[in-house]
Each structure stands twice: as C-alpha cells, then as structure tokens.
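S.K.: I am attaching a structure below and will ask some questions about it afterwards.
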Amino acid sequence: MLSRAVPFSPLCVQVRGMVTLKDISMRLKSIKNIQKITKSMKMVSASKFARAERELRPARPYGKGAAAFYEKANIKVEAELPKYLIIALSSDRGLCGGIHSGISKAIKSDMAVRAGGIETKIVCVGDKARGILQRVFRDQLYLSFNNVGKRPSTFEDAAYITQTILNSGYDFDLGDIYYNTFRTVVSYQPTKQPVFSLNAISAAPSISVYDSLDGEVLRCYQEFSLASLIYFGLKEGSTSEQSSRMTAMDGASKNAGEIIQKLTLTYNRTRQAVITRELIEIISGAAALKN
Numbered sequence: 008m009l010s011r012a013v014p015f016s017p018l019c020v021q022v023r024g025m026v027t028l029k030d031i032s033m034r035l036k037s038i039k040n041i042q043k044i045t046k047s048m049k050m051v052s053a054s055k056f057a058r059a060e061r062e063l064r065p066a067r068p069y070g071k072g073a074a075a076f077y078e079k080a081n082i083k084v085e086a087e088l089p090k091y092l093i094i095a096l097s098s099d100r101g102l103c104g105g106i107h108s109g110i111s112k113a114i115k116s117d118m119a120v121r122a123g124g125i126e127t128k129i130v131c132v133g134d135k136a137r138g139i140l141q142r143v144f145r146d147q148l149y150l151s152f153n154n155v156g157k158r159p160s161t162f163e164d165a166a167y168i169t170q171t172i173l174n175s176g177y178d179f180d181l182g183d184i185y186y187n188t189f190r191t192v193v194s195y196q197p198t199k200q201p202v203f204s205l206n207a208i209s210a211a212p213s214i215s216v217y218d219s220l221d222g223e224v225l226r227c228y229q230e231f232s233l234a235s236l237i238y239f240g241l242k243e244g245s246t247s248e249q250s251s252r253m254t255a256m257d258g259a260s261k262n263a264g265e266i267i268q269k270l271t272l273t274y275n276r277t278r279q280a281v282i283t284r285e286l287i288e289i290i291s292g293a294a295a296l297k298n
C-alpha cells in the first residue's frame with residue numbers, strides 16, 4: 008500500500024550567514040599556512056638582500072664612472088626631433104610592494120610631458136615592467152628581456168642587453184635608463200640616468216679634454232659605458248627589490264598574525280557557545296524526563 012511521502016528535514020540546519028566551527032577551523036589553518044610561507048619568504052629575502060648589498064658596493068664605480076663621463080663631456084643633442092630610447096630595468100618576480108609600478112609611473116609621467124612628434128622606443132628588462140607598460144605604450148615597445156631576478160645579475164648579462172640594443176637597428180640620439188636606487192632597507196628611489204649615442208658623444212663640446220680619442224675608442228667606450236650603467240642599474244634594482252620584498256613579507260606575516268588572533272578568539276567563542284547550548288539541551292531533556 009502506497010503512503011504519502013513526507014519531506015525530509017534535517018535536525019541540524021545551518022542558518023544562512025552563520026559560521027560553523029569547521030569553517031573557522033579551515034580558515035584558521037589556511038591563514039597559518041600563509042603565515043609560514045611569508046615568514047619563509049622573508050628569511051630567504053633577507054639572505055638574498057645581504058648578498059645583493061655586498062655585490063652592490065663593487066658595482067657602484069661602474070655606474071658613477073660612466074655618469075661622470077657624460078657630465079664632464081657636457082653632451083647635448085642638437086636634433087630638433089631626436090630619436091628617444093627608454094630602458095626600464097625591473098625583474099620577473101613580484102610580491103615586493105610597488106617597486107615595479109614605481110618605475111612604470113615615472114616613465115608614464117615623463118612620457119606625458121614630452122613633446123609630441125618624437126620617435127620613442129621602449130626596452131623592458133623584466134616581465135613586470137613589460138606587463139605594465141604594454142597596456143599604455145604597446146606601439147612603443149621595442150625589445151624585452153626576461154629571466155631577470157631569478158639569479159644575481161652579472162656584467163655579462165648587461166653586455167648582452169647592450170649588444171642587443173646597439174645591434175637592433177634603432178639609431179637613437181638620446182635615452183634614459185629607469186631603475187630603482189637603494190637608499191635604506193625600507194626605502195628606495197626611482198632614478199633616471201641619461202645615455203647618449205655615439206654621434207652625440209663625438210659632437211660634445213667638452214670631449215676635447217680627453218686626449219687620444221679617435222672614433223674606435225669612442226665607440227668602444229660608448230658600448231662599455233652603456234653596459235656599465237645597465238649593470239649598475241640592475242644591481243641597484245636587485246638590492247631594492249630584495250629589501251622591499253623583505254619588508255612586504257614582514258608586513259604580511261604581521262597581518263596574518265592579527266587575523267589568526269581574531270579567528271582564534273572567534274573560534275573559542277563559537278566553541279563555547281556550542282558547548283553551552285548542548286548543556287542547556289541536556290539539562291532541559293533531563294528535567295522533562297523527571298516531569
């Protein structure tokens with residue numbers, strides 16, 4: 008004989024918006040795992056920062072010597088609409104605050120005030136700068152280099168970037184290298200370093216103060232100075248990146264600790280409420296049986 012079906016209704020129904028102990032426990036576990044990762048990344052970044060800072064000291068004479076040559080030679084570009092080159096030095100790795108976006112913001116700001124009609128090409132060293140700049144300057148992107156930041160940069164890497172730029176066929180008149188200058192463990196400064204072509208260096212009014220400079224010597228020194236500035240910028244950027252990542256991971260670990268404290272307090276309160284409710288139900292049931 009068929010009987011009318013009765014809809015099933017569970018005894019324990021979770022109210023919408025009510026957090027259960029299992030949900031809090033799962034989230035607490037995930038936040039603790041994240042805190043372990045951020046603490047580990049902070050320790051790794053601290054070790055890499057110490058190495059990068061040691062390697063930065065011998066690299067500074069390369070950049071300062073090349074920059075001093077440009078200043079002493081008093082180089083000026085005579086062309087009305089010179090060909091302009093931008094070299095953005097970043098890396099492929101993130102989780103280091105706004106260190107990469109600072110370079111991109113400086114380039115966007117300078118491009119906004121630059122006179123129109125100037126042919127501009129952008130060379131991106133690192134995927135982070137390329138990913139940001141290609142949204143706005145897709146047509147100006149000329150070259151890009153990746154696999155930067157995974158290992159310490161060497162002068163050979165800077166020489167390869169220099170040779171690729173000079174052999175690319177784009178005869179620029181002047182340009183700027185954008186990189187981050189390391190100041191302290193918690194601060195860095197986006198910096199712009201001008202670079203010039205061989206023709207601009209040869210036509211400099213004060214180049215005569217240097218003796219025995221023929222065309223071949225100037226060409227070799229122009230290549231060496233550009234490689235030196237790129238090498239110096241990569242070392243400065245690497246040190247700034249590791250210090251910024253160390254600071255960012257320290258802040259993330261502290262934030263995770265605060266969330267863990269709040270979740271632990273919520274978990275204990277919820278657990279106590281569940282125990283209290285169960286005791287009330289047991290006492291109420293025992294009193295009903297007596298009556």
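If you count the sequence shown from 1, you need to add 7 to reach the working numbering.
All C-beta atoms in this analysis are idealised placements derived from N, C-alpha and C, irrespective of residue type, glycine included.
Within 10 Å of its beta-carbon, does Ala75 have 16 or more other beta-carbons around it, so buried, or fewer, so exposed?
M.R.: Per the 10 Å Cβ criterion, exposed.
S.K.: Cβ of Gly133 within 8 Å of Cβ of Ser245?
M.R.: Not closer than 8 Å, so no.
S.K.: To the nearest angstrom, report how far apart Gln147 and Thr127 are at their CA atoms.
M.R.: Distance between the alpha carbons of Gln147 and Thr127: 6 Å.
S.K.: Distance check for Thr283 and Ala293, CA to CA, integer angstroms please.
M.R.: Cα to Cα, Ala293 sits roughly 15 Å from Thr283.
S.K.: For the alpha helix (DSSP H) holding Ala295, just list the boundary residues, first then last.
M.R.: That run of the alpha helix (DSSP H) goes Gly222 to Lys297.
S.K.: Between the region 268 to 275 and the region 48 to 65, can you find at least three pairs of beta-carbon atoms closer than 8 Å?
M.R.: At 8 Å Cβ cutoff, the stretches do not touch.
S.K.: Span of the beta strand (DSSP E) holding Gln196?
M.R.: Its beta strand (DSSP E) spans residues Ser194 to Phe203.
S.K.: Put Ile129 into one of helix, strand or coil per three-state DSSP.
M.R.: Three-state DSSP puts Ile129 in a strand.
S.K.: Per DSSP, what kind of secondary structure is Phe152 in: helix, strand or coil?
M.R.: Reduced to three states, the DSSP call for Phe152 is strand.
S.K.: Determine, using beta-carbon pairs with one atom in the region 184 to 196 and one in the region 29 to 46, whether at least three such pairs fall under 8 Å.
M.R.: Output reads no: the region 29 to 46 does not touch the region 184 to 196.
S.K.: So, for Pro89: in the same chain, excluding its five sequence neighbours on each side, which residues have a beta-carbon less than 7 Å away from its beta-carbon?
M.R.: Ile125, Asp180 and Leu181, listed in sequence order.
S.K.: Between Asn81 and Pro212, how many whole angstroms is the CB-CB distance? I'm expecting something under 8 Å.
M.R.: Right, the Cβ-Cβ distance comes to about 6 Å (below 8 Å), so this counts as a contact.
S.K.: On the DSSP letters alone, give me the boundaries of the beta strand (DSSP E) that Ala95 sits inside.
M.R.: Residues Tyr91 to Leu96.
S.K.: Buried or exposed: which applies to Asn187, given that a residue is buried once 16 or more other Cβ atoms fall within 10 Å of its Cβ?
M.R.: Buried.
S.K.: Would you kindly work out how many angstroms separate the C-alpha atoms of Gln249 and Ala53, rounded to a whole number?
M.R.: Each residue's alpha carbon lies about 7 Å from the other.
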